[in-house]
Structure formats: C-alpha cells, structure tokens
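Undergrad: Below you'll find the structure I mean.
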Amino acid sequence: MSPSKTIFEKIIDREIPADIVYENEHCLAFHDIQPQAPVHVLVIPKRRIENVANLTDADQALAGKLLLAARDVAQKLDLVDQGYRVVANCGIDGGQSVDHLHLHVLGGRQMKWPPG
Ligand code: 5GP
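In the numbering used here, the protein residues as written are 3 to 118.
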C-alpha cells in the first residue's frame, strides 16, 4: 500500500472538499464527483484499507459497519422503496481507481445487469 495519502484520506482530513451526506465514528459518505446515476454516493471507512482483498479477519466489525453505513445512506437519500445497488470495485479487473476501500451506492434509475 502506498504511504502517500489517497484522495479519500484528504477528504476525511478535510484537506479537499466533498459533498458529505453521512458520517459516523468509523465511516464517511459523500457524493461521487462523476456520478453514474442520479444518486451516486461513496461510503468509505475512515481507516485506510486498500480494498476488499486487503480486509483481514480483524476488520470484521469495520466491514460490517461499512455495509450498515451504506444502508443508512440509502435510507437517508430515500432509495429504499425503489431499490439501489451497492458495489465494491476491487483491483485492476474490478475497475478500482482509488486505493481506499469504498462502497458505491447507486440509485435513482433502473440498473442493468451484467455491469460493464
Ligand atoms: P473506483 O473506480 O475506485 O471504484 O471508484 C472511485 C470513485 O471515486 C470514482 O467513481 C470517482 O468518480 C470518485 N472520485 C475520484 N476522485 C474523487 C474526488 O476527488 N471526489 C469525489 N467526491 N469522488 C472522487
């Protein structure tokens, strides 16, 4: 893992702005800068973990908190009735571009399957 701060760590530390929609002790959520749906929010742990592949058994509680934060974001943004998608891209083939674990919460339109 690179020692330099990721863009998401800079958002956590309020060094760069973001449209924050949700925060608790462990997680932060903010609107994606290039939304792929009418609602596109990123939910991240405040502690840096590179991606799903880098989770350890010791991260069990945090992984759960991240998923629950995604649930709370969807509730807060009124996505529950219509439904929404939660995605974690992992590594090169997964299309991950920021090396800080994040869940995409996408909603506000009908999603397609399979994803591109
Ligand atoms: P990934 O491709 O790693 O799964 O997702 C990274 C996401 O971060 C992308 O959807 C991208 O648009 C978003 N992103 C990259 N830089 C910034 C930024 O500075 N601010 C915000 N809000 N989103 C960003």
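Glycine included, C-beta positions come from ideal geometry on N, C-alpha and C.
1. Residues in its own chain within less than 7 Å of Q36 by CB, not counting five upstream and five downstream?
2. Which residues end up in the neighbourhood of the ligand 5GP when you take C-beta atoms closer than 5 Å to any of its heavy atoms?
3. Apart from the five residues on each side of it in sequence, which residues of its chain come closer than 7 Å, Cβ to Cβ, to A39?
4. Mind reading off the beta-carbon distance from I46 to H102? Whole number of angstroms is fine, and I expect it under 8 Å.
5. Would the beta-carbon of K48 fall within 7 Å of that of I14?
6. For my contact list, A60 and A31 are in at a C-beta cut-off of 8 Å; report their separation, rounded to the angstrom.
7. To the nearest angstrom, report how far apart Q84 and I18 are at their CA atoms.
8. Label A63 either buried or exposed according to how many other C-beta atoms from any shown protein chain fall within 10 Å of its C-beta, with 16 as the threshold for buried.
9. May I have the straight-line CA-CA distance separating E27 from V41, to the nearest angstrom?
TA: In short:
1. Start at 1 with the first residue of the sequence shown, and residue 36 comes out as number 34. Around Q36: no qualifying Cβ.
2. Ordered along the chain, residues surrounding the ligand 5GP are I9, A20, D34, I35, Q36, N91, Q98, S99, V100 [Cβ under 5 Å from any heavy atom].
3. As a working mapping, residue 39 is identified with position 37 in the sequence shown. In its chain, beyond the 5 residues on either side, L108, G109, G110, R111 have a beta carbon closer than 7 Å to the beta carbon of A39.
4. On the sequence shown, position 44 is the one that residue 46 refers to. On the sequence shown, position 100 is the one that residue 102 refers to. H102 and I46 do touch by the CB rule: their CB atoms are close to 6 Å apart, below 8 Å.
5. In the sequence shown, residue 48 corresponds to position 46, counting from 1. In the sequence shown, residue 14 corresponds to position 12, counting from 1. Against a cut-off of 7 Å, the Cβ pair of I14 and K48 comes out as a contact.
6. Within the sequence shown, the letter at position 58 stands for residue 60. Within the sequence shown, the letter at position 29 stands for residue 31. Actually they are not in contact, since the Cβ atoms of A60 and A31 sit about 23 Å apart, beyond 8 Å.
7. In the sequence shown, residue 84 corresponds to position 82, counting from 1. In the sequence shown, residue 18 corresponds to position 16, counting from 1. Straight-line Cα distance between these residues: approximately 32 Å.
8. In the sequence shown, counting from the first residue as 1, residue 63 sits at position 61. Exposed.
9. Residue 27 sits at position 25 when you count from the first residue of the sequence shown. Residue 41 sits at position 39 when you count from the first residue of the sequence shown. When rounded, the distance between both Cα atoms is 23 Å.
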